[in-house]
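Here's the structure, in structure tokens; my notes come after.
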Amino acid sequence: MKRETLIWTMVLLFGALLFLANGVMRGAGRAYVKEVPMQFVNVAEPGEVEADWIRYNSELALDEALCTQRFEEIPPELRVSWTRLEKAERGEYLTHQATEGADNPYRVSVSRTIGVWVAALFTLFLFSFLYKDNPLYKIAEASVVGVSAAYWMVIGFWDVIVPNLFGKVAPGIVRVWAIPGLEDPPNYWYLVPLILGIMLLWRLVPKGSWIGRWPLAFVIGTTAGIRLIGFIQADFLSQIRNTVIPVVAVDQAGGFAFWDSLKNAIVIIGVLAGLVYFFFSIEHKGVVGKTARLGIWFLMVTFGAAFGYTVMGRIALFAIRLEFLFDDWLWLIDPTMKRVPDEVVTAAATLLTALGAG
Amino acid sequence: MYEFFKTLDRRWIFLMMFLAVAVPILIIGATGRTFPEEPTSLARAVFHAIEDLPEGSKVLLSYDYDPASEGELSPMATMFAYHCAAKRHRMYFMALWPVGPQMVDDTIENVLKKDFPELEYGKDYVNLGYKSGYEGVIKVIITDFTELYTTDTRGTPWGTIPMCQEVSSVQDMDLLVNVSAGYAGTKEWVQYAVTPYPKLTMVAGCTGVQAPLLYPYIPQQLQGLLGAIKGAAEYEALVTECYGARMARRDAEGNPMVDDDGMYVIRGKYTEGIRRMGPQLVAHLLMILLIIVGNVIYFVERRKEGRR
Amino acid sequence: MKRTIPLFITAIGGFVLIAAVFSGYTQSWGEVAAIWFDVLAAIAYILGGGNLMKIHLKKISDRTEGWAYSVVTIIAFLATLIIGLGKIGVNPSEQFPDYAWSGSYREVGGPFWWIYEYAFKPLTATMFAMLAFYVASAAFRAFRAKNLEAVLLLGTAFIILLGRTYAGVWVTGWLPDWLSGLKLENVTVTIMKVFNTAGNRAIMIGIALGIASTSLRVLLGVDRSYLGGGEE
Amino acid sequence: MKVARVIGVFCVMGAALAVFSTRTVHAQATGDRPKPPWDLVAKDRPWDKGEKIDLRWKLSPDDPDTIAFYRVYRSLATKPAEQVEFEDRLEVLVDLFEDLDVPPEQLRAAIEELLPRLRAAAASEHGRHCEYHHHARRAVGAVERYLAAGMENWELNRRAGKALSTLENAIPLSEVQRENEELETSEERKAKMHLTEPVLEELFGRQWKEMWEERADEIPADVRMWLYGRRIAAEAEAEARARATAAARGDAVRWKLVVELEPKALDVHTGEMTYTVEMLDRFQEYSFKVSAVNRAQVESDAVTAAARVQPVRQIYDGARFALMVIVFVICGAVMFFIQMARSGRPLKVRTIAGLSAVDEAVGRATEMGRSILFVAGIQDMNDIQTIAGITVLSRVSKLAAEYDARVEVPTARSLVMTAARETVQAAYLEAGRPDAYRRDDIYYVTDEQFGFVAYLQGMMVREKPAACFYMGTFFAESLILAETGNSIGAIQIAGTAMPAQLPFFVAACDYTLIGEEFFAASAYLSGEAHQLGSLKGQDVGKLIVGIMVVAGVIVATALSIAVLADHTVGAAYLEAIVEYIRKVILT
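Right, here's the structure in full:
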């Protein structure tokens, strides 16, 4: 093993131990939940086929005789219940622990605690790439590819295929299965995308994969049609409209406004010069060349401005990741006082005071 | 030194960036100290748009963003709600994004329920929820709410909500407040609500990427604009300056806490933007420094080449 | 045949949708086409997902370098897919407590939500956050005053960066009122409202024309590279 | 100032306007009622989507002396008689479903009688009441299923009944009905509040509300039933009262104020005003009236339009006429130049810097024996930029096939993968090397933007492609790609039409095709003369922009000058022209 590698391994190991110790000794990274009982009662009249479920203890339940009973006494076929877990903070947990003891609906969630650690480790793994490519990054990369590909497929299935394909073509099946409220009659126009889809999948079959070009042709044709009109209407015309401004501006009192006039003139010149830059028919020489140059200057100022503005958001994103690591995972800072209600003491503060004292 | 910078491995830059963000976060998190904010005219315009309305005015707050932009926008959303509540305006929350109502609920939970328990749902604030249709929603409710909003998000019929009986369309609102992360958002509100009905006044908060696209609308269509976390921080500074006593942390006796300089110690959830400006400032200065150093190297090099 | 029919479909689809915009009866056709596209794209996931599985299984079976990471990808992929499609651990919806499949697959607290909250979100958000580092290195390396264009680019970025922090306000805060137009925050606004507006407009008009012309080339069959080979 | 004045007068005359005598304004605010406007004509706006009606009226004889503005009213819409009849029958049918003793034949007859109307309600796509039509569709589905099952399935009966009653509840109210309803609910609410709040407080003390919410299960059942009884009684009482008020109000035409309009100088000059009432419902008839209000806020009698008018939807949407002309001109120009190029006329187009670099990049990759990375953006095929990217890919892969270099195309969408495979395969075939085509070099990664970029980042560092092409729609990942590519020393060529991402590509890539250049690239790279013709067509588009902007700016400037010169009538005409340019031509 090279000496450099050895040193880095030691540093990493030491860091990992520190994090672990922080977790074990201070309980850092623990996540809390509040248990909310979800209790439902079927209040349909006897003999009625369709169920009529209402939330036990809701305003509606006041009118129902069944709900005057204790939930546990209601016949099991007429009730359904589960527990919903809501996100909670340690501070709430501690407050309720003090007052309610064993009845405390707040508790530590093991799965979410693991989650916080997983999230934190993934965050660190990805950032480790900035030093250099390494196995930890590769693990995170492999995970993000697998998870995200499947994630979008699941969304595509439940949010697109089920309501917009099955729900339109065979609403009966979807109704008894996944969307009980669906009452739409079948709309067979949606067989078109289904058929196109089957054509697309035809390329999995060895013969006749050329049929897969039809749906592609359809997609590209409709896209071209929609965008052609859309862009001419939205961007082309509206941008010209906004540029129809007077080079002699009038202020609100009806007098001549010099600065506004100047600004308007610059905008008009900028737009026209920018367009000259994009002119393809003429080489950028002579007057055209000079105007095109002016156009580029405008573009460059635009780019600089966009750059400056975007930087801001990017740094904020990074700050948020760090806040997650320092706050939710390591419990080093606690600016919103999630954990200790109305008390300022945090680990970092102790650390800084200790350093100062030292 | 020069040689070091000339062949600078970009990992040193990464390290600098890391420290520039991490150290301020830790220091601010530990000490609770933040940088002062000097609000710009745009943030002041936003503040005054809400502050100068008479008590009990009707304000429509449309929260058009999702969790992905929460970092930049939730401080603004929190502050807007706080400011309106403190001024006793009546708040009509709505959303053009499917997850928007969740953002509204978070704000109601964190701000209104915790710090303004005296406000009553339906009389002082109402959550109208999300309707699909993007700018189509704006086009309809600008003339009639009940075309789309027959109930609020809880299913209460429109006509039975006291504060809803007083409005029939967006035009009845005294102010529009929009927090937006893209399409549909501020631009659509300006295009389909304020432009055709210039009587309406509107202020907005948006992400940094969006801000450049919205500047052309100021001040005719948009009275004020909070751009990214900086805008949020400026607005926070203005509101905390005005309502500091109420927003401050309480000591054991329930009195607002005051720091050494006699300033109120504001609760953490109301200084999110200001806190985040610390790392932001240092990181921006670092960027500026990097640009300068990069150019110095470039010019030195060019001069060397010129001599040769 | 194999090329003519697709060209025909392209042209018909496109021109019909263009014509549809000009009648009150058919203006909603564009939206329907958009929904059809979504359905088609969702069906196409089978191709994409199948391809993903194939590549990684091949890597594993060939024992190519780094095949172990392919195992991670496949496990992550299948686990997410099965949990999500099967609505595993999801409670029924509140309106229909007796329908087991009626709940939302993303129900808060469920396993799919867990994957989203603790794997998908931190992973993607961290990738996004890495931009903070790349922005810095790009600024150092690329923003050099090589010519006037570059000076304008970096000068504007410089002013905006400065103007968006407390430092910028402080640098020019001493300027008297009659020079308030030169205060950094106001300079920022002027740049945004005047130069940025003009530049963006020129770009957007150009893009609209480019899109119109590209669309037309596609519809007329002048540009048919996407259609692949084969006999005419 | 003098100069401006002179120019202003000139402009006005140049605009071919008659000379107008200056008017003297007698501002005498009197308490008398002003004289009403007259000759109000309401006409359906031709060639629209059926939502606008044009009004035109002659100004009050008191104008311009004392009139401040005009008020335009329209009648609140009521329902056509056949719709009312349908709704009544629907109500009967719902009752039949609820009555268990109805013989099936009777039910069937009632259903079949109503079904055509129900289908009609389901079929019409009436934008503003989509919910109603949605429920109508559901009801048709439920009823048809019930009939199809021979009316024997009990559950289907329940569902059909429920769907019908849902539809009944979803019937959109006419404006008159809605106004009545609003009155009713507010009175009902008052009645309820009056009854319950003090009672509750009396029963449970001041904390009744918290108790109600938190400890609902502790409230004894009999108290709850009693409270419920009180509520029902209150509701019934309120309903009766509301019904009485509604009846007392009668059915006279009710008016709604549409707008208050100040007459402009031009209107005063012509003695006539026009206004277009928008957002109307094309299934309703409307009446209109206009009154004048003087400066003392006294309103005149109103003049009512002679006939009731109903907006009609027409096949052709005239509001988009200008758009159609522009589309025709631009498309026509592109087609014209393509045709001209086909006929063999030489076309001159300028060179684009980034494009010559494509050859260089592919060549370098070949020399170094490393691969070429091509990313066609992260959007799907329904984005024109992706399509443009794919056409560039076609040329790049053809070059690569000729040089025998390897092109790797990871995609973020399944459809893009499919299209890219077709394209690359065709390119290899065209280059005469179909055997060298490797299908697996074009593969799908993930739809997720940052998952995709995480993969690309790692892959680029490991495989070190010698040339990277980014051609398509990019968002935040642009800089990650460009910086990583830079760190491995690859030649990078980017092309996108995302204005927000261009700065990053410009800063970090060797060549960037900015916006329109990107779309032009595929035409250039094809090397086919007729494709270049389309670029000339685009230039015609730019000329149109230039002409429109310059013309618009001249008129707008003339308007400002006229305002500065206080030439009211000239300003009025110019304003009308500017409005026309902005609102009609450029919309």
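Chains as they are written, first to last, in my numbering: chain A, 493 to 850; chain B, 128 to 435; chain C, 27 to 258; chain D, 13 to 599. Note that the Cβ used here is the ideal one computed from N, Cα and C, for glycine as well. Since this is a predicted model, take the numbers as computed values, not measurements.
If you reduce the DSSP assignment to three classes, tell me which class residue i lands in.
{"i": "D/Ser33", "result": "Note that D/Ser33 scores a pLDDT of 34, beneath 50, so its modelled location is shaky; the value from the coordinates is reported in the next line. D/Ser33 falls in the coil class under three-state DSSP."}
{"i": "A/Ser601", "result": "strand"}
{"i": "A/Phe818", "result": "helix"}
{"i": "B/Glu399", "result": "helix"}
{"i": "C/Phe146", "result": "helix"}
{"i": "D/Lys70", "result": "strand"}
{"i": "D/Asp263", "result": "Confidence in D/Asp263 is poor, its pLDDT being 45 and thus under 50, which makes the residue's placement too unreliable to answer from."}
{"i": "B/Trp316", "result": "helix"}
{"i": "B/Ser184", "result": "coil"}
{"i": "A/Phe748", "result": "strand"}
{"i": "B/Asn254", "result": "strand"}
{"i": "C/Thr52", "result": "coil"}
{"i": "D/Pro184", "result": "coil"}
{"i": "C/Ser87", "result": "helix"}
{"i": "D/Asp51", "result": "strand"}
9 Å is my cut-off, CB to CB: does residue i come that close to chain D?
{"i": "C/Gln121", "result": "no"}
{"i": "A/Phe810", "result": "no"}
Of all the CB atoms in chain C, is at least one closer than 9 Å to the CB of residue i?
{"i": "B/Arg373", "result": "no"}
{"i": "B/Tyr425", "result": "yes"}
{"i": "A/Ile825", "result": "no"}
{"i": "B/Met206", "result": "no"}
{"i": "A/Pro685", "result": "yes"}
Would you mind working out which of the options sits nearest residue i, comparing C-alpha positions?
{"i": "A/Val684", "options": "C/Arg250, C/Ile100, C/Tyr51, C/Val58", "result": "C/Val58"}
{"i": "D/Tyr456", "options": "D/Glu272, D/Thr430, D/Glu156", "result": "D/Thr430"}
{"i": "D/Ile597", "options": "D/Val518, D/Arg450, D/Arg332", "result": "D/Arg332"}
{"i": "C/Ala155", "options": "B/Thr273, B/Val304, B/Leu135, B/Gly198", "result": "B/Gly198"}
{"i": "D/Arg68", "options": "D/Asp293, D/Thr435, D/Glu284", "result": "D/Glu284"}
{"i": "C/Leu78", "options": "C/Arg29, C/Val97, C/Thr52", "result": "C/Val97"}
{"i": "A/Arg719", "options": "D/Val339, D/Lys548, D/Gly444", "result": "D/Val339"}
{"i": "D/Val1", "options": "D/Leu71, D/Ile396, D/Leu514, D/Lys64", "result": "An answer regarding residue 1 of chain D cannot be provided, because it is not within the stretch 13 to 599 covered by chain D."}
{"i": "A/Gly747", "options": "D/Leu576, D/Leu555, D/Thr580, D/Ala583", "result": "D/Leu576"}
{"i": "C/Ile61", "options": "A/Thr497, A/Pro738, A/Val535, A/Leu686", "result": "A/Leu686"}
{"i": "B/Ala157", "options": "A/Ile825, A/Val832, A/Met829, A/Lys830", "result": "A/Ile825"}
{"i": "C/Val47", "options": "D/Ile573, D/Val96, D/Asp293, D/Asp329", "result": "D/Asp329"}
{"i": "C/Ile141", "options": "A/Asn596, A/Val668, A/Ser635, A/Ser753", "result": "A/Ser635"}
Is the Cβ of residue i closer than 9 Å to any Cβ of chain A?
{"i": "B/Leu255", "result": "no"}
Do we get a CB-CB distance below 9 Å when we pair residue i with the residues of chain B?
{"i": "A/Thr802", "result": "yes"}
{"i": "D/Ala331", "result": "no"}
{"i": "A/Tyr623", "result": "yes"}
Exercise for the section: Could you name the residues of the stretch 406-418 of chain B whose beta carbon sits closer than 9 Å to any beta carbon of chain A, in the order they occur along the chain? Expected result: Within the stretch 406-418 of chain B, the residues whose Cβ lies closer than 9 Å to any Cβ of chain A are, in chain order, Pro406, Gln407, Ala410, His411, Met414.
Exercise for the section: Compile a chain-ordered list of the residues in the stretch 335-368 of chain B whose CB is closer than 8 Å to at least one CB of chain A. Expected result: Gly335, Val336, Ala338, Pro339, Pro343, Gly354, Ala355, Ile356, Lys357
Practice task
Check whether the stretch 378-385 of chain D touches the stretch 579-592 of chain D, taking contact to mean three or more Cβ pairs, one atom from each stretch, closer than 8 Å.
Solution key: At 8 Å Cβ cutoff, the stretches do not touch.
Exercise for the section: May I ask you to list, following chain order, the residues of the stretch 342-373 of chain D that have a beta carbon less than 8 Å from some beta carbon of chain C? Expected result: Ile342, Cys343, Val346, Met347, Ile350
Problem - Under 8 Å (Cβ pairs) to chain A, residues found in the stretch 235-250 of chain B - result: none
Practice task
Determine which residues of the stretch 289-302 of chain D have a Cβ less than 7 Å from any Cβ of chain B, and write them out in chain order.
Solution key: Met291
Handout entry: Cβ pair count under 8 Å reaching 3, the stretch 612-632 of chain A against the stretch 643-657 of chain A
Key = Touching, no, given that fewer than three Cβ pairs across the two stretches are closer than 8 Å.
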